[in-house]
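**Student:** Below you'll find the structure I mean.
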Amino acid sequence: MFGLLLIKSNLVNLAKDEIIIREITLASPPPPPPPPPQQQQERIEPEIQLNVDGNGPPIAISEVHMEDPLDALQLVSPDIKTLTADWTLDLQVDWSAYGLDELDSTPVLLTSLNADWPRVLTSQGINRVLVKLDVFIDETGRINLVSILENPQPELNISIERVVRTARFSIPQKSGQAVRARFIWPVEFTKP
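Numbering-wise, UniProt numbering puts 172 at position 172 of the sequence shown, and it's gapless, one number per residue.
As structure tokens, then:
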């Protein structure tokens, strides 16, 4: 029973604790005052009076007659010479040059030959091709291709053109003078 009394007294103590809930409303601050209205200044246009009589004499306007400047020029028709084509003119390149046996010494290749090896030849198992070129060396050692005499692999034509374009020889000489030379140049292309 003592336990019941103890529980009852605890219940009474629990009932004494009261929580008060109050509703509070917060007022939001007042909005800022509106900006003052902008005052527009009225533009006052000044009045200009153009109807003013002058005190001076009136100005006389006279017309000016000018001659046309093109009439003063004396045009002379130009003497046009007509050119006629000379169809008998030979447009062949002068390939006249000395052979290797006529030179003081054989021209020496001064540059290395770098050529691309076509993949088609690699896939066919070809690793080496010998071509013979008819070439012309000018007085500066620059080489020109006259014709391809022997080329068993036409896939090499682009590489041949590149080799000819980049190759330089020593200057061919006859009796100590720079001359042109023409010879058959055997070039061996190998797979790198």
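Idealized CB from N, CA, C, for every residue including glycine. None of these values were measured; they are calculated from a predicted model.
(1) For the ligand GTP, is there a heavy atom less than 6 angstroms away from the beta-carbon of N127?
(2) Helix, strand or coil for N157, going by three-state DSSP, please let me know.
(3) Name the one or two DSSP bridge partners that W185 has.
(4) Just reading off the alpha helix (DSSP H) that V120 is part of, what are its end residues?
(5) Is the region 138 to 147 touching the region 73 to 81 in the sense that three or more CB pairs, one from each, lie closer than 8 angstroms?
(6) In the DSSP assignment, find the beta strand (DSSP E) that holds residue 193 and state where it starts and stops.
(7) Thinking just about the alpha-carbon of each residue, which of E42, Y98, E23 is nearest to the one in V179?
(8) Is the region 167 to 179 touching the region 120 to 128 in the sense that three or more CB pairs, one from each, lie closer than 8 angstroms?
(9) Hey, would you say K191 sits closer than 7 angstroms to N127, going by beta carbons?
(10) Rounded to whole angstroms, what's the CA-CA distance from N144 to S96? Just pull it up for me.
**Tutor:** In brief:
(1) In terms of ligand content, the structure shown is empty, and the ligand GTP therefore cannot be addressed.
(2) helix
(3) L133
(4) 119 to 123
(5) no
(6) The chain is shown only over 1 to 192; residue 193 falls outside these bounds and no answer can be derived.
(7) Y98
(8) no
(9) yes
(10) 13 angstroms
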